[in-house]
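To keep things clear, I will list the structure first and then write my remarks on it.
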């Protein structure tokens, strides 16, 4: 048996022992019966699953719409922030202010201020849909975060790449489009996916506006049954989305690492 195999075996065994010990401690605690009745009722889990799963469709819809807007908007913001020269200073300054502002204010406050504030203006052309303002809030916040990911990718491209592009006759915009941005986007795909895992979970915050999404439906079911098992249902649905995304991110990281190693060997 190799050292690596033995190390893996020991790690797996220690993990099993740790989880088994934890399970024994929890199930033999004095309040285990009450906890099991309040959080692990199979009948309530089965009865509430359908309603919460239906409401969860709205979370997925919000996530998909917001993601489709965030990706190009954040890239544009990152490009604007990286524009060189004093003539573009006002644009860079505005981009910095936007990024600092929406990264600094908690997402739930942005959702509350826009969701309750904008419809109260009673302007005819301003949408009054809470779902609309929930999506707008998530787009504003996550565009700020994702733009920093893009910017890190752009900054990671070696200046020699830009110099080579300019020597071939490409202007700054063409260098960004054909040389810098494609390399930058490839490098930041894993952290981008991590941000979108966070976005999927934060769709639950739209429920603070009264929108009946998965978490809001869970609260309704908890109030109706006086039991907390519906929270487990909502957790199951969110985990069912986030874990595949997390594993996909790990696969992309591993693939990129292999590609870099192959490039060094070549």
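Numbering (the numbering used here), first residue to last: 41 to 306. Heads up, the beta-carbon is just placed ideally off N, CA and C, and yes, glycines get one too. Since this is a predicted model, take the numbers as computed values, not measurements.
Spatial distance of residue i from residue j (CA atoms)
| i | j | result |
| --- | --- | --- |
| residue 167 | residue 62 | 51 Å |
| residue 174 | residue 253 | 11 Å |
| residue 256 | residue 82 | 20 Å |
| residue 106 | residue 96 | 15 Å |
| residue 202 | residue 220 | 7 Å |
| residue 139 | residue 274 | 31 Å |
| residue 215 | residue 162 | 46 Å |
| residue 276 | residue 283 | 10 Å |
| residue 264 | residue 88 | 11 Å |
| residue 67 | residue 78 | 14 Å |
| residue 225 | residue 193 | 7 Å |
| residue 101 | residue 55 | 37 Å |
| residue 223 | residue 164 | 45 Å |
| residue 230 | residue 218 | 21 Å |
| residue 154 | residue 260 | 24 Å |
Cβ pair residue i, residue j closer than 9 Å
| i | j | result |
| --- | --- | --- |
| residue 183 | residue 113 | yes |
| residue 267 | residue 84 | yes |
| residue 181 | residue 142 | yes |
| residue 279 | residue 271 | no |
| residue 185 | residue 228 | no |
| residue 110 | residue 176 | no |
| residue 103 | residue 236 | yes |
| residue 292 | residue 239 | no |
| residue 171 | residue 57 | no |
| residue 187 | residue 117 | yes |
| residue 64 | residue 258 | no |
| residue 206 | residue 212 | yes |
Short CB-CB distance (under 9 Å) between residue i and chain E
| i | result |
| --- | --- |
| residue 205 | Of the protein chains in the structure, only one exists, and it is not chain E. |
Helix, strand or coil at residue i according to DSSP, with G and I counted as helix
| i | result |
| --- | --- |
| residue 234 | helix |
| residue 250 | coil |
| residue 69 | coil |
| residue 87 | helix |
| residue 145 | coil |
| residue 81 | coil |
| residue 291 | helix |
| residue 102 | helix |
| residue 116 | helix |
| residue 124 | coil |
| residue 52 | helix |
| residue 270 | helix |
For residue j and residue i, believed in contact at Cβ under 8 Å, the rounded distance
| i | j | result |
| --- | --- | --- |
| residue 151 | residue 248 | 6 Å |
| residue 131 | residue 120 | 5 Å |
Alpha helix (DSSP H) runs contained entirely in the segment 173-248, provided each spans 4 or more residues: 199-207, 212-215, 221-227 and 229-242
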